[in-house]
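Only one structure is covered here, and it is reproduced in the block below.
Numbering (this note's numbering), first residue to last: 112 to 155.
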């Protein structure tokens, strides 16, 4: 997710993230919102 966020910031790509299914997590992975990865991605 961090790599995707970096590319989006670098290329100024707007991200639309559907986070309605954030509670569906498999294999004990943790959920990470793309907007939580830094102010640069949040400001896009």
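No residue lacks a Cβ here, since even glycine has one placed at the ideal position from N, Cα and C.
Check	Outcome
Considering just the uninterrupted stretch of the alpha helix (DSSP H) at residue 115, what are its terminal residues?	113-122
Which residues in the same chain as residue 144 place their Cβ atom closer than 8 Å to its Cβ, once the five residues preceding and following it in sequence are excluded?	128, 130 and 133
Look up residue 135 in the DSSP assignment and say whether it is helix, strand or coil.	coil
Please say whether residue 116 and residue 149 have beta carbons closer to each other than 8 Å?	yes
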